[in-house]
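See below for the structure under consideration.
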DNA sequence: CTTATTACCTGGCAGC
DNA sequence: TGCTGCCAGGTAATAA
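Numbering (the working numbering), first residue to last: 1 to 296.
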């Protein structure tokens, strides 16, 4: 479900609603969503902590839980970092405790003041984990460290100053894969997914099956600009709801109304009127205008 | 190393 | 009303 604009929207919503609240109890309804440590230890280590800042890295969220009011130790000694990846259908929602617990609710952080932070996931792909502190090296088996490894391996943030047209052109020149596959690779640019890759390629006039190394410097620059503009625009509209996505307050994102090609196959291209096509590229449903996005 | 394919889950929807 | 098959916002493991 969520790509960078959706995850960023959730981050902002959660900061607004539940930052500064203490964790009274962690209720784990489905243990398999806790990647590390075990579910009991996960709950114990977070109980009594206070939710501080929330960071977004690509499509990952990192929630900082600091020392509670009772603790005399410095915050750094007891701080826990919780990493969350929502994958296709995960939701992270701040709501009142009185709200009904819907089907597929897997973890509930019961907070002060009658607030809950709930993890809900229809397709069961997402995971949560506590990041290892500096003093605990990775002794744990690899399958329980996927979130941590994925987070460390992320590529460049597309809305950071380091993401320049020159960098993108230089990187693409060295890759032989299809441009769509390269843009979906989180080790390259962090946070793009199927919706925004299709939209950015349309905006830049580039066919999704082009080889990355075949793009000219001018095309790479157009793509760089399109990625930044679309991501910022989508954040302004609180993300895109197609099927299941809701933001951190349970509301739909409104960017679906602004999409130009994603899931528009069979409809006329908004620029030239040619019928939008759908194909499978990089294993994903891919939408493009065959005229505006020529193969060569 | 790079690139392509598949498995992981549940549920909505179109077509018969 | 069923039933079947396809589709879904992601990515790690596996194969080549």
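Using N, Cα and C, we set each Cβ at its ideal position, and we do this for glycine too.
{"Check": "Neighbourhood of residue 30 by C-beta distance below 7 Å, restricted to the same chain and skipping five residues each side", "Outcome": "106"}
{"Check": "Contact check, residue 189 vs residue 161, beta carbons under 7 Å", "Outcome": "no"}
{"Check": "Cut-off 6 Å between Cβ atoms - residues of its own chain near residue 270, not counting five sequence neighbours on either side", "Outcome": "260"}
{"Check": "7 Å Cβ cutoff met for residue 224 and residue 168", "Outcome": "yes"}
{"Check": "Per-residue DSSP class, three states only, for residue 131", "Outcome": "coil"}
{"Check": "Contact belief for residue 272 with residue 296 at Cβ below 8 Å, rounded distance in angstroms", "Outcome": "With 8 Å as the limit, residue 272 and residue 296 do not qualify as a contact, their Cβ atoms being about 18 Å apart."}
{"Check": "Reduced DSSP category for residue 211 - H, G, I as helix; E, B as strand; rest coil", "Outcome": "strand"}
{"Check": "Within 7 Å, strictly: CB atoms of residue 314 and residue 33", "Outcome": "Given a span of 1 to 296 for the chain in the structure shown, any question on residue 314 remains unanswerable."}
{"Check": "Three-state class that DSSP yields for residue 242 in the structure shown", "Outcome": "coil"}
{"Check": "Top-ranked residue by Cα proximity to residue 13, from 42, 56, 36, 83", "Outcome": "56"}
{"Check": "Whole-angstrom distance between residue 109 and residue 265, CA atom to CA atom", "Outcome": "41 Å"}
{"Check": "Ranges of the beta strand (DSSP E) found wholly within the stretch 257–289, counting only runs of at least 3", "Outcome": "277–281, 284–288"}
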